[in-house]
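K.L.:
For the sequence shown, the numbering used here assigns the number 84 to the initial residue and increments by one for each residue that follows.
In this text, a Cβ means the ideal position worked out from N, Cα and C, and glycines have one as well.
Below are the structure tokens for one structure; questions will follow.
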Amino acid sequence: MDRKILKILFCPLCKQKLKLRKKFLICLNCNKKYTIIDGIPIFCNDKKEYFMYTSEEEKVQFYNMLLDSYGFELLHKGNGEGYFRSICEVIIKNVPHSVEHIIDVGCGTGRILYEISSFYPSSNLIGFDISFRALKKINKLLKQGKDINLNLKVMGCFKNYKLKGKKVKNLHFIQGSVYNLPFDENTFDIVISCNLVDVLEHPIKALQNLIKVLRKQGFFLITTPMNWRFSYIWKIFPNRDSLINFFIENSIHPIVWFDNLIFRETVNFVRNSYLEWNIFLFLGQKK
Ligand SMILES: C[S@@+](CC[C@H](N)C(=O)[O-])C[C@H]1O[C@@H](n2cnc3c(N)ncnc32)[C@H](O)[C@@H]1O
Ligand SMILES: [Zn+2]
Numbered sequence: 084m085d086r087k088i089l090k091i092l093f094c095p096l097c098k099q100k101l102k103l104r105k106k107f108l109i110c111l112n113c114n115k116k117y118t119i120i121d122g123i124p125i126f127c128n129d130k131k132e133y134f135m136y137t138s139e140e141e142k143v144q145f146y147n148m149l150l151d152s153y154g155f156e157l158l159h160k161g162n163g164e165g166y167f168r169s170i171c172e173v174i175i176k177n178v179p180h181s182v183e184h185i186i187d188v189g190c191g192t193g194r195i196l197y198e199i200s201s202f203y204p205s206s207n208l209i210g211f212d213i214s215f216r217a218l219k220k221i222n223k224l225l226k227q228g229k230d231i232n233l234n235l236k237v238m239g240c241f242k243n244y245k246l247k248g249k250k251v252k253n254l255h256f257i258q259g260s261v262y263n264l265p266f267d268e269n270t271f272d273i274v275i276s277c278n279l280v281d282v283l284e285h286p287i288k289a290l291q292n293l294i295k296v297l298r299k300q301g302f303f304l305i306t307t308p309m310n311w312r313f314s315y316i317w318k319i320f321p322n323r324d325s326l327i328n329f330f331i332e333n334s335i336h337p338i339v340w341f342d343n344l345i346f347r348e349t350v351n352f353v354r355n356s357y358l359e360w361n362i363f364l365f366l367g368q369k370k
């Protein structure tokens, strides 16, 4: 595990420093141990990793689909091109390229970090997600530099596609939950979180946690469909202005925001059918 990453990791339970042992991290205060697998520290049990899927099979299908659509995007065959490029452009244009720490919470396949990595060669880029399964695959591809085969059978495609492994030096993956972040306050220069808060039961708690770990003058980029999975949230955030006001009340000054950013989530590659999501993008700076 990279020492630069160890320096910013804290026990998510008691927020104290962690010490590196051979295959785990240990909290010097509460003695809790956190395993490291393939260089990925594991901070929480990911059994509930994606609550909307009830069976193991459904979960596997979902993560194959995420990865495979990512793979397809890399081959420039996907439908999410405009969505991902718009997010990356907003970051690259507005956030100085010399910043120290960048995190993407709920990074999924890590595509955004991968795309911006060459613009931020001296930054530590951290992909953070509750799903160890997703991180393990993407770690293999982008950190260990091993090729992976795309399994597109679930999407009705029997052709073989291979993704070429790449070793992105400054990319790191950490498993954990947005509800218990293993970082100190004021750590990151950019906090990115795309299409995460809409699926959470407690988006306000999650947003507050994300803002806490952001440094003063740091940048906060989120994208979300204004389409909340939990019904009580619709009353709290009925429209984009209510969300912008929430950011302002929590010291995030708006810089760029717009809606109608279309994300086409591929459902079937062969028939090229997709779901179309209307996404709200917001970039702000912490005052
Ligand atoms: C809809 S996907 C979005 C993935 C990626 N950000 C993108 O835009 O392509 C939501 C991601 O959030 C992750 N996630 C769900 N609950 C989480 C939690 N409590 N903490 C951290 N990540 C979580 C899921 O595992 C999944 O990878
Ligand atoms: Zn502890």
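Just to confirm, is the Cβ distance from glycine 259 to aspartate 230 under 8 Å?
P.N.:
Cβ distance not < 8 Å, so glycine 259 and aspartate 230 don't count as in contact.
K.L.:
Hey, is aspartate 212 close to ligand 1, as in C-beta under 7 Å from one of its heavy atoms?
P.N.:
Yes, Cβ of aspartate 212 sits closer than 7 Å to a heavy atom of ligand 1.
K.L.:
Which two residues bound the contiguous alpha helix (DSSP H) that contains valine 173?
P.N.:
Segment 164-177, the alpha helix (DSSP H) holding valine 173.
K.L.:
Sort Leu246, Ser325, Phe341, Ile273 by Cα distance to serine 169 and report the nearest one.
P.N.:
Here the closest residue by C-alpha is Phe341.
K.L.:
Buried or exposed, going by whether 16 or more other CB atoms sit within 10 Å of the CB of cysteine 190?
P.N.:
Looking at its Cβ environment, which holds 16 or more other Cβ atoms inside 10 Å, cysteine 190 is buried.
K.L.:
When you measure from the CB of glycine 191 to every non-hydrogen atom of ligand 1, does any distance come out below 7 Å?
P.N.:
Answer for glycine 191: yes, Cβ within range of ligand 1.
K.L.:
Give the DSSP-derived three-state secondary structure of tyrosine 197 in the structure shown.
P.N.:
Correct three-state label for tyrosine 197: helix.
K.L.:
How many angstroms separate the CA atom of isoleucine 120 from the CA atom of aspartate 267?
P.N.:
C-alpha separation (whole angstroms): 23 Å.
K.L.:
Starting from the N-terminal end, write out each residue whose C-beta falls within a distance shorter than 7 Å of any non-hydrogen atom of ligand 2.
P.N.:
In chain order, the hits are Cys94, Leu96, Cys97, Gln99, Cys110, Asn112, Cys113, Lys115.
K.L.:
Would cysteine 94 and lysine 115 be called neighbours here (beta carbons separated by less than 8 Å)?
P.N.:
Yes, the Cβ-Cβ distance between cysteine 94 and lysine 115 is below 8 Å.
K.L.:
In three-state DSSP terms, what is leucine 264?
P.N.:
Here leucine 264 sits in coil by DSSP.
K.L.:
Along the beta strand (DSSP E) that carries leucine 108, what are the first and last residues, could you check?
P.N.:
Note, leucine 108: beta strand (DSSP E), 107-110.
K.L.:
Could you give the DSSP three-state label for phenylalanine 134: helix, strand or coil?
P.N.:
Low confidence applies here, because phenylalanine 134 scores a pLDDT of 49, under 50, leaving its location unreliable; read the following figure in that light. Three-state DSSP puts phenylalanine 134 in coil, outside helix and strand.
K.L.:
Given 8 Å as the limit, is there contact between the segment 208-224 and the segment 295-302, that is, 3 or more CB pairs closer than that?
P.N.:
Touching, no, given that fewer than three Cβ pairs across the two stretches are closer than 8 Å.
K.L.:
Pick helix, strand or coil for glutamate 359, following the three-state DSSP scheme.
P.N.:
Of the three classes helix, strand and coil, the one that applies to glutamate 359 here is strand, per DSSP.
K.L.:
Hey, would you say the C-beta of valine 178 is under 7 Å away from at least one heavy atom of ligand 4?
P.N.:
In terms of ligand content, the structure shown lacks ligand 4 and carries ligand 1 and ligand 2 instead.
K.L.:
Which residue's Cα is closest to the Cα of proline 179: Thr192, Ser200, Val188, Arg194?
P.N.:
Checking every option, the nearest Cα to that of proline 179 belongs to Ser200.
K.L.:
When the Cα atoms are used, what is the spatial distance from lysine 250 to glutamine 227?
P.N.:
Near 6 Å, if we compare the C-alpha coordinates of glutamine 227 and lysine 250.
K.L.:
Are the Cβ atoms of asparagine 253 and serine 206 separated by less than 8 Å?
P.N.:
Yes, they are a contact pair.
K.L.:
Pick out whichever of Lys98, His184, Tyr315, Leu224 has its Cα sitting closest to the Cα of leucine 283.
P.N.:
For the residues Lys98, His184, Tyr315, Leu224, the minimum Cα distance to leucine 283 belongs to Tyr315.
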